């Protein structure tokens, strides 16, 4: 057999002893951590923007707009973790973009349905 040419300090420490290493799951895997008001606001903004972009897809924009409004209202609930009672701006952009997506989708459906 030939000897390894890799210096000992550069060799992999991949051993079969996996019990000595502590297994820590990544942060995004923590299902017990509650969703905060900021994350609900971010989701509402994302869903509202998608509703505006997909208003022409025969109801998808309306559905995403309604989801954006619902998520934004969840961000504004007082019992949501991380909610600041003095902050009135939580979820406002999500509500506005959701309303815009619903309005654009309704106008498009009103204009397109007679021609189908």
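Numbering (the numbering used here), first residue to last: 1197 to 1312. Even glycine gets a Cβ: it sits at the ideal position worked out from N, Cα and C. In this text the structure is predicted, and so the values were computed from the model without any measurement.
Asked: Within 8 Å, do at least three Cβ pairs link the stretch 1245-1259 to the stretch 1272-1287?; Found: no
Asked: My understanding is that residue 1243 touches residue 1267, with C-beta atoms under 8 Å, so please give their C-beta distance in whole angstroms.; Found: 6 Å
Asked: Please classify residue 1286: is it buried, with 16 or more other beta-carbons within 10 angstroms of its beta-carbon, or exposed?; Found: buried
Asked: Could you check the C-alpha separation between residue 1295 and residue 1276 for me, to the nearest Å?; Found: 22 Å
Asked: Have a look at residue 1306 and residue 1229 and give me their C-alpha separation to the nearest angstrom.; Found: 43 Å
Asked: Tell me whether residue 1265 sits in a helix, a strand or coil according to DSSP, three-state version.; Found: helix
Asked: For the alpha helix (DSSP H) that residue 1238 lies in, which residues bound it at each end?; Found: 1233-1249
Asked: For residue 1282, name the three-state secondary structure that DSSP assigns.; Found: coil
Asked: Use the C-beta contact count for residue 1180: other C-beta atoms within 10 angstroms, 16 or more gives buried, fewer gives exposed.; Found: With the chain represented from 1197 up to 1312, any question about residue 1180 goes unanswered, as that position is not in the structure.
Asked: Taking the alpha-carbon of residue 1237 as reference, which of 1302, 1253, 1293, 1251 has the nearest alpha-carbon?; Found: 1293
Asked: Which residues in the same chain have their Cβ closer than 6 Å to the Cβ of residue 1232, if we skip the five residues on either side of it in sequence?; Found: 1277, 1278
Asked: Please check the pair residue 1248 and residue 1300, which I expect to be a contact at CB under 8 Å, by giving their CB distance rounded to whole angstroms.; Found: 6 Å
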